[in-house]
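K.L.:
There's a structure below that I have some questions on.
See the structure below:
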């Protein structure tokens with residue numbers, strides 16, 4: 268694709284206007300910037316802070332796709348998303364989904380039952396830490412018919428990283444206040460979030476801290492070998508814990524485990 272320099276310069280105009288813009292206008296500015304560089308099918312921008320419900324800052328989905336990519340995602344599946352975990356790390360920069368995904372992500376139950384529904388060939392994200400513990404992730408998505416981003420396109424996105432980060436930090440600097448306001452509306456404060464919803468699932472299911480750590484990594488798409496390396500225990504120990512969890516929960520498959528997890532989040 269030939270770079271549309273006229274479109275690029277027009278999209279940059281709001282960046283020099285000074286005053287902070289509302290969410291949709293910031294998102295549209297980002298979309299126009301990226302559209303001048305390459306083609307893609309969707310844009311979605313989420314703000315993350317810990318295990319709190321992500322804030323949907325901007326997206327280009329129609330009503331049907333918004334349910335899958337935003338509403339359903341915010342209800343709990345975000346906790347298993349590689350982009351979410353990279354945002355919490357945080358890992359600033361531009362990343363492909365496949366660079367961040369655990370070694371068994373693409374064969375995980377989460378991928379098969381949720382992510383595959385998106386019909387995406389690839390997702391690339393700009394990760395921009397802002398105030399406090401919040402990180403904004405601006406995702407460009409391509410459906411299977413469009414295909415993956417080429418090496419040249421990805422290199423171009425990396426060159427645009429500084430400009431995108433400046434856009435985010437100037438216009439979305441008050442996200443901690445917005446997260447606090449969201450917690451206040453649900454009756455939770457930061458202290459109560461010491462035991463956030465996902466952790467409450469494991470307490471409800473009577474799992475030990477070690478069992479909870481292992482089973483959450485299983486759901487994210489880590490193999491027993493990867494889990495062992497992350498937690499500093501042997502692969503055999505990981506497998507013993509997994510068997511114990513399955514027996515304790517009365518299940519025999521990862522499909523049942525994911526279903527139990529999502530249902531528990533709903534409660």
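Residue numbers (this note's numbering): 268 to 534. Backbone N, C-alpha and C fix where the C-beta goes; we use that ideal spot for every residue, glycine too. Just so you know, these numbers come straight off a predicted model, no measurement behind them.
So the candidates are 317, 486, 350, 452; which of them puts its Cα closest to the Cα of residue 393?
P.N.:
With distances taken between Cα atoms, residue 393 lies closest to 350.
K.L.:
Are at least three pairs of beta-carbons, each pair with one atom in the stretch 471–482 and one in the stretch 428–437, less than 8 Å apart?
P.N.:
Because the criterion of three Cβ pairs below 8 Å is not met, the stretch 471–482 and the stretch 428–437 do not touch.
K.L.:
Who are the near neighbours of residue 442 in its chain, counting only those whose CB is closer than 8 Å to its CB and skipping five residues on each side?
P.N.:
Around residue 442: 314, 316, 322, 397, 398, 399, 401, 403.
K.L.:
Quick check on residue 349: does DSSP put it in helix, strand or coil?
P.N.:
In this structure, residue 349 counts as helix in the three-state DSSP scheme.
K.L.:
Which residue spans inside the stretch 370–433 form an unbroken beta strand (DSSP E) run of at least 3?
P.N.:
Fully enclosed beta strand (DSSP E) runs of 3 or longer: 387–396, 402–410.
K.L.:
At the level of alpha carbons, what is the spacing between residue 523 and residue 405?
P.N.:
Their Cα atoms are separated by approximately 32 Å.
K.L.:
Which residue from 501, 444, 483, 432 puts its Cα closest to that of residue 525?
P.N.:
It is 483 whose Cα lies nearest to the Cα of residue 525.
K.L.:
Just tell me which of 492, 472, 499, 493 has its CA closest to the CA of residue 511.
P.N.:
Answer by Cα proximity: 472.
K.L.:
Given this structure, state the Cα-to-Cα distance separating residue 506 from residue 491, to the nearest angstrom.
P.N.:
Each residue's Cα considered, the two are about 7 Å apart.
K.L.:
Suppose contacts are defined by Cβ-Cβ distances below 8 Å. Is residue 427 in contact with residue 346 by that definition?
P.N.:
Contact flag unset, no.
K.L.:
What number of angstroms, rounded off, separates the C-alpha of residue 449 from the C-alpha of residue 342?
P.N.:
Looking at the two C-alpha atoms, the distance is approximately 14 Å.
K.L.:
Quick one: using the 10 Å Cβ neighbour count with 16 as the cut-off for buried, is residue 294 buried or exposed?
P.N.:
Result: buried.
K.L.:
For residue 390, is the classification buried or exposed, using 16 other Cβ atoms within 10 angstroms of its Cβ as the cut-off for buried?
P.N.:
Buried, by the Cβ-count rule.
K.L.:
Distance check for residue 359 and residue 527, CA to CA, integer angstroms please.
P.N.:
Looking at the two C-alpha atoms, the distance is approximately 33 Å.
K.L.:
From the DSSP output, in three-state form, read off residue 469 for me.
P.N.:
In this structure, residue 469 counts as helix in the three-state DSSP scheme.
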